[in-house]
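Accompanying notes for the structure given below.
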Amino acid sequence: MAAVGNLPMLLLRRKIDKRNLKLRQRNLALQRARPPGTEPGGGRGSGPPGTEPGRGRGSGPPGTEPGAGADPYRQVPRRKRIWAARNKVEMIDELFSSGAFEDTSFASLSDLVSENTLKGITDMGFTHMTEIQHKSIKPLLEGRDILAAAKTGSGKTLAFLIPAIELIYKLRFMPRNGTGVLILSPTRELAMQTYGVLKELMTHHVHTYGLIMGGSNRSAEAQKLAKGINIIVATPGRLLDHMQNTPEFMFKNLQCLVIDEADRILEVGFEEEMKQIIKLLPKRRQTMLFSATQTRKVEDLAKISLKKEPLYVGVDDNKETATVDGLEQGYVVCPSEKRFLLLFTFLKKNRKKKVMVFFSSCMSVKYHYELLNYIDLPVMAIHGKQKQTKRTTTFFQFCNADSGILLCTDVAARGLDIPEVDWIVQYDPPDDPKEYIHRVGRTARGINGRGHALLILRPEELGFLRYLKQARVPLSEFEFSWSKISDIQSQLEKLIEKNYFLHKSAQEAYKAYIRAYDSHSLKQIYNINNLDLPKVSLSFGFKVPPFVDLNVNSSQGRRLQKRGGGGGFGYQKSKNVHKSKIFKHINKKKSDSRQFSR
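Every letter in the sequence shown is one number past the one before it in UniProt numbering, and letter 214, counting from 1, is 214.
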């Protein structure tokens, strides 16, 4: 993986040589275009017209000592002149290689990209490339394999869509040729969003394109595949299903595989599907692997999917922070019993803004959605237990809204480009710094994007800040006036006690919160034995904590495996059930208790 982890020295040397050659050619052209007698220094005899006489070889300006303005090439030894010239070239080369003098407009790609694609880009309102686009598009157009890492909101989608479309265009793919490009996304929402961008870019093209994902009509998808779809955006599970069970699906002519949010695809349990998909695909193809974070699993996926020497593009490797510059982020220390009161006060104050609130489980989202709407604070919700039509409708409704509150699980934490989100609130803490970075990546997106992020921590969880600091995430403590908090605790308890449906929903949410907390990988920070359950239950509206059928010690040192696009934490029954001092074991009927759905 040495070639993947670092830019190969051979490629770097070629790049420097290429820049040097371009620089010399440009300087030569400038010298040829310069009129006689206007060389730097004005020649050996005299300066250009209008300058003082005596600026040549023998004397300096008037009033100076003889020889003060003498020819520098006569005064400096030849060896030093050569050293200075080399340093100058290297400095200019460094500036060029950093992109300081390069044209980053999409118009500069006119020789490489078709007019139809450029029209689509113009129609979308884009004029200049972001850093990841500038560094990726040209190598991809040359047919290189790429492993790219960039912050969320940096423009990765266009970086892989433009070369993919150009490949199909140049090969003149027709429906009878089958599928030429596959784009894999971890969640249905991200797949829909990528498909939406693809649709806009393809406005002036004639090639076919389609969306294949779980929750959609499978037979309708099979019919479209039989007719021939040149570019497919898909989720891994449904794609593998069609590859194995739809005979009319022709992918033997595949030219390009794009894996978007590669780390997320592996996190949500698609590792086995990805391996099977890669085995079934043709070996002679171009592969693009894009991700916001680089993990060991991503490196393993790169080994089996990319060619031997892919190009590594990391636009954020040397930056001081792992989050975007326009993001103001901070945390609030809140005791367990006041968490809901803090959330309610904050949302009430910011109800005219666009806010996303992250929870650790589907049941928590469901309960808080029902509760807040019941007490006249309108909110929307997205989680993995909803039907796909509901998730899709809510997603686009929130995207198109000028203001609103969206409660969600981590299903919405990856890749989704939701316009102008003002606040990201992490009500339940993320499992690790990478998850934090992806959550806050929903705001301050694009060039000059602005946004705010709030992390709510219990006093016992402050150790998480140390991990964020190591991950280059700058956080400051936000001041919160506890005297102005909405004290609705007694009303909340009465409501939960009297309303049967809210009571049941609160019970499920409380149990899901405890299970999610137990499944955290950072056990030294999120220790379930340190939870004060009576105080935790108060934030759900209970005077007495409900019993939770969970063995605390069964999951120590390991994390329950996520599955599908739900974004919550699944509950898996253990064969060896030990009674706990904190939790009472309750035998449950056999039922589907998954928090996740694909």
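C-beta: ideal position from N, C-alpha, C; glycine also.
Between the CA atoms of residue j and residue i - distance to the nearest angstrom
{"i": "residue 387", "j": "residue 393", "result": "10 Å"}
{"i": "residue 201", "j": "residue 337", "result": "50 Å"}
{"i": "residue 249", "j": "residue 273", "result": "17 Å"}
{"i": "residue 553", "j": "residue 528", "result": "Model confidence at residue 553 stands at a pLDDT of 44, short of 50, so the residue's coordinates are unreliable and nothing is read from them."}
{"i": "residue 216", "j": "residue 188", "result": "10 Å"}
{"i": "residue 286", "j": "residue 147", "result": "12 Å"}
{"i": "residue 230", "j": "residue 352", "result": "43 Å"}
{"i": "residue 112", "j": "residue 225", "result": "30 Å"}
{"i": "residue 103", "j": "residue 127", "result": "11 Å"}
{"i": "residue 238", "j": "residue 245", "result": "10 Å"}
{"i": "residue 473", "j": "residue 348", "result": "28 Å"}
{"i": "residue 83", "j": "residue 441", "result": "Only weak support exists for where residue 83 lies, its pLDDT of 43 falling under 50; the coordinates are left without a value."}
{"i": "residue 377", "j": "residue 280", "result": "50 Å"}
{"i": "residue 539", "j": "residue 159", "result": "44 Å"}
{"i": "residue 115", "j": "residue 107", "result": "10 Å"}
{"i": "residue 493", "j": "residue 198", "result": "49 Å"}
{"i": "residue 236", "j": "residue 380", "result": "27 Å"}
{"i": "residue 437", "j": "residue 418", "result": "16 Å"}
{"i": "residue 531", "j": "residue 265", "result": "32 Å"}
{"i": "residue 144", "j": "residue 423", "result": "38 Å"}
{"i": "residue 497", "j": "residue 313", "result": "56 Å"}
{"i": "residue 407", "j": "residue 383", "result": "8 Å"}
{"i": "residue 410", "j": "residue 330", "result": "20 Å"}
{"i": "residue 328", "j": "residue 475", "result": "8 Å"}
{"i": "residue 457", "j": "residue 340", "result": "12 Å"}
{"i": "residue 533", "j": "residue 368", "result": "19 Å"}
Burial state of residue i (16 or more Cβ within 10 Å)
{"i": "residue 517", "result": "buried"}
{"i": "residue 263", "result": "buried"}
{"i": "residue 133", "result": "buried"}
{"i": "residue 355", "result": "buried"}
{"i": "residue 617", "result": "With the chain covering only 1 through 598, there is no way to say anything about residue 617."}
{"i": "residue 602", "result": "Residue numbering for the chain in the displayed model covers 1 to 598; residue 602 lies beyond these limits and cannot be assessed."}
{"i": "residue 1", "result": "The pLDDT assigned to residue 1 is 43, lower than 50, so where the model puts this residue is not dependable; a value taken from the coordinates is nonetheless given after this. So residue 1 counts as exposed."}
{"i": "residue 206", "result": "exposed"}
{"i": "residue 154", "result": "buried"}
{"i": "residue 536", "result": "buried"}
{"i": "residue 124", "result": "exposed"}
{"i": "residue 425", "result": "buried"}
{"i": "residue 469", "result": "exposed"}
{"i": "residue 462", "result": "exposed"}
{"i": "residue 501", "result": "exposed"}
{"i": "residue 305", "result": "buried"}
{"i": "residue 135", "result": "buried"}
{"i": "residue 435", "result": "buried"}
{"i": "residue 149", "result": "buried"}
{"i": "residue 512", "result": "buried"}
{"i": "residue 375", "result": "exposed"}
N- and C-terminal bounds of the alpha helix (DSSP H) containing residue i
{"i": "residue 514", "result": "500–518"}
{"i": "residue 193", "result": "188–201"}
{"i": "residue 467", "result": "464–470"}
{"i": "residue 536", "result": "533–538"}
{"i": "residue 404", "result": "Note, residue 404: premise wrong, no alpha helix (DSSP H); beta strand (DSSP E) at 404–408."}
{"i": "residue 120", "result": "115–123"}
{"i": "residue 169", "result": "156–170"}
{"i": "residue 394", "result": "388–400"}
{"i": "residue 440", "result": "433–440"}
{"i": "residue 547", "result": "Here residue 547 belongs to no alpha helix (DSSP H), and DSSP marks it neither H nor E."}
{"i": "residue 176", "result": "From DSSP, residue 176 is part of no alpha helix (DSSP H); its letter is neither H nor E."}
{"i": "residue 339", "result": "339–349"}
Host beta strand (DSSP E) of residue i (start-end)
{"i": "residue 329", "result": "327–333"}
{"i": "residue 354", "result": "354–358"}
{"i": "residue 313", "result": "311–314"}
{"i": "residue 380", "result": "380–382"}
{"i": "residue 233", "result": "231–234"}
{"i": "residue 146", "result": "146–149"}
DSSP bridge partner residues for residue i (one or two, in chain order)
{"i": "residue 287", "result": "257"}
{"i": "residue 105", "result": "128"}
{"i": "residue 426", "result": "358, 455"}
{"i": "residue 209", "result": "231"}
{"i": "residue 183", "result": "233, 258"}
{"i": "residue 267", "result": "In the DSSP output, where bridge partners are listed per residue, residue 267 has none listed."}
{"i": "residue 477", "result": "331"}
Under 8 Å: do the region 162–171 and the region 132–143 share three or more Cβ pairs, one atom per stretch? Output reads yes: the region 132–143 touches the region 162–171.
Stretch pair the region 247–263 + the region 178–191: three plus CB contacts closer than 8 Å: The region 247–263, when compared against the region 178–191, does touch it at the 8 Å Cβ threshold.
Pairing CB atoms from the region 500–518 with CB atoms from the region 353–370, are three or more of them under 8 Å? Verdict: yes, contact present.
Please determine if the region 487–507 and the region 426–439 are in contact, where contact requires at least 3 C-beta pairs separated by less than 8 Å. Counting Cβ pairs under 8 Å, fewer than three are found: no touch.
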